[in-house]
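Enquirer:
In full-length UniProt numbering, the protein residues as written are 1 to 322.
#1: If we call anything under 8 angstroms between Cβ atoms a contact, is residue 166 one with residue 138?
#2: Mapping DSSP to helix, strand and coil, what is residue 185?
#3: Just verifying my parser: in three-state terms, what is the DSSP assignment at residue 317?
#4: CB-CB under 7 angstroms to residue 312, same chain, minus the five flanking residues each way: which ones, in chain order?
#5: Near residue 112, what residues of its chain come up, given a Cβ to Cβ distance below 6 angstroms and the 5 sequence neighbours on each side ignored?
#6: Taking the alpha-carbon positions, what's the residue 290 to residue 219 distance?
#7: Keeping to the same chain, check which residues put their C-beta closer than 6 angstroms to that of residue 271; ignore five residues upstream and five downstream.
#8: So for residue 147, helix, strand or coil by DSSP?
#9: Please classify residue 324: does DSSP put it in a helix, a strand, or coil?
#10: Report yes or no: do the stretch 243-262 and the stretch 282-296 share at least 3 C-beta pairs separated by less than 8 angstroms?
#11: Look up residue 14 in the DSSP assignment and say whether it is helix, strand or coil.
#12: Determine the closest residue to residue 199 out of 148, 210, 301 and 7, with distance taken between C-alpha atoms.
#13: Around the C-beta of residue 227, are 16 or more other C-beta atoms found within 10 angstroms, so that it is buried, or is it exposed?
#14: Pull up the DSSP beta-bridge partners for residue 170, would you.
#15: Leaving out five residues on either side along the sequence, give the residues of the same chain with a beta carbon under 7 angstroms from the beta carbon of residue 68.
#16: How would you label residue 264, buried or exposed, when you count the other beta carbons within 10 angstroms and need 16 or more for buried?
#17: Hey, residue 327 and residue 303 are a contact pair by Cβ (cut 8 angstroms); roughly how many whole angstroms apart?
#18: Reducing DSSP to helix, strand and coil, say where residue 326 ends up.
#19: Can you look up residue 338 in the DSSP assignment and give me helix, strand or coil?
#20: Just curious, the beta strand (DSSP E) that residue 281 is in, first and last residue?
#21: So, at 8 angstroms on beta carbons, what are the nonlocal neighbours of residue 214 in its own chain, with the 5 sequence-adjacent residues on each side left out?
#22: Would you identify the three-state DSSP class for residue 311, choosing helix, strand or coil?
#23: If we call anything under 8 angstroms between Cβ atoms a contact, is residue 295 one with residue 276?
#24: By Cβ distance, which residues of its chain are closer than 6 angstroms to residue 187, with the 5 residues on each side in sequence left out?
#25: Could you compute how far the alpha carbon of residue 280 sits from the alpha carbon of residue 136?
#26: Straight-line CA distance for residue 191 to residue 160?
#27: How would you write the range of the beta strand (DSSP E) that residue 208 sits in, first residue to last?
#28: Could you tell me the distance, in whole angstroms, from the CA atom of residue 297 to the CA atom of residue 308?
#29: If you compare alpha carbons, which of 225, 162, 169 and 231 is closest to residue 246?
#30: When DSSP builds the beta bridges, which residues end up paired with residue 296?
#31: I'd like to confirm the pairing. Which residues does DSSP put opposite residue 237 in its beta bridges?
#32: Counting C-beta neighbours from all protein chains within 10 Å, is the total for residue 12 16 or more, i.e. buried, or is it exposed?
#33: Would you report the Cα separation of residue 122 and residue 147, rounded to the nearest angstrom?
#34: What number of angstroms, rounded off, separates the C-alpha of residue 208 from the C-alpha of residue 185?
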């Protein structure tokens, strides 16, 4: 009997020695134990699928342990694969990208297929309007008149010629440097005429007078209070109208043309239209229109005005009004 008891106790001690001991708190936090618990969870889910009744046998503690550690998926190989795909997409030409988009998305609308590769505003870019569309009444090229100056002068003209066609009556680039030629060409269109000149430093200036010009043997002023002078020396165009101090609007001789009086001429041109002068005057209350009081002329232009309904007739008859 005693020997049988010893054999039974030895077997019990062996069984107790082989049974796993409960894990310590440190072991539960180790990565090995976490992997073991993940494996146990996988097995438990497998047995649950086979035997649904087995899920009822789990204790609340096991459920809490399963819900206490959410998993986050971070795969470096997947992120590298996505980056490579983006780099390959940037290397694909736009035409190929467009073809592939259309082939794979045949049922999509044209707008979605077009905007998938190239923005729509690049394809539907509108060309800027030409200067002729912005200056519709300008019938010839000008050395000085741009869009800004055109709009400024158009708004400053007398009402009788607003909206009319601008006709280039005289230009030193086309007709030579001669004041007599300018006076003769001013007779082509009666009415207000706009004289535009410029110095070598970039300033554009001039004034409004009456056409045709009539040279006087003596210094006798002509014109009305509609006359004015202007300049772009200050960056933006600036206008000087008659102040009413005197009636020295403009002076025309065979060898001399000038605007204003009383102290200085606002603008004066010599006989060969190569040089001029400018200074403050009482007639227009202006400052010096050019960069310097004495200057060299770059070009001289005289513009006349005619109603659009009569312009074609005037043009077809070589400048003769019918």
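Built from N, CA and C at the ideal position, the CB exists for glycine as well.
Expert: Put simply:
#1: yes
#2: Shown here, residue 185 sits in a helix according to DSSP, grouped into three states.
#3: Annotated three-state conformation of residue 317 is coil, per DSSP.
#4: none
#5: A caution first: residue 112 carries a pLDDT of 42, below 50, which makes its placement in the model too unreliable to give a value.
#6: Residue 290 and residue 219: Cα-Cα distance of roughly 24 angstroms.
#7: 179 and 255
#8: helix
#9: The structure shown has nothing for residue 324, since the chain only spans 1 to 322.
#10: yes
#11: In the structure shown, residue 14 sits in a helix (DSSP, three-state: H, G or I).
#12: The closest CA to that of residue 199, considering only 148, 210, 301 and 7, is found on 301.
#13: By the neighbour-count rule (16 or more Cβ atoms within 10 Å), residue 227 is buried.
#14: Among the bridge pairs identified by DSSP, residue 170 is matched with 302.
#15: In this prediction, residue 68 has a pLDDT of 39, which is less than 50 and means its spatial position is unreliable; what the coordinates show is noted afterwards. If we look at residue 68 and ignore the five residues flanking it on each side, it has no Cβ neighbours.
#16: In the assembly as shown, residue 264 is a buried residue. Its beta-carbon has 16 or more other beta-carbons within 10 Å.
#17: The question about residue 327 has no answer here: the residues shown for the chain are numbered 1 through 322.
#18: For residue 326 there is no data in the structure shown, the boundaries of the chain being 1 and 322.
#19: The shown model of the chain, from 1 to 322, leaves out residue 338, and the question about it has no answer.
#20: Residue 281 -> no beta strand (DSSP E), and no H or E assigned at all.
#21: 222 and 252
#22: helix
#23: yes
#24: 212
#25: 34 angstroms
#26: 9 angstroms
#27: 204-211
#28: 32 angstroms
#29: If we check each option's Cα against that of residue 246, 225 comes out closest.
#30: 275
#31: Residue 237 pairs with nothing; no bridge assigned.
#32: So residue 12 counts as exposed.
#33: Bear in mind that the predicted position of residue 122 carries a pLDDT of just 44, short of 50, making it too unreliable to give a figure here.
#34: 16 angstroms
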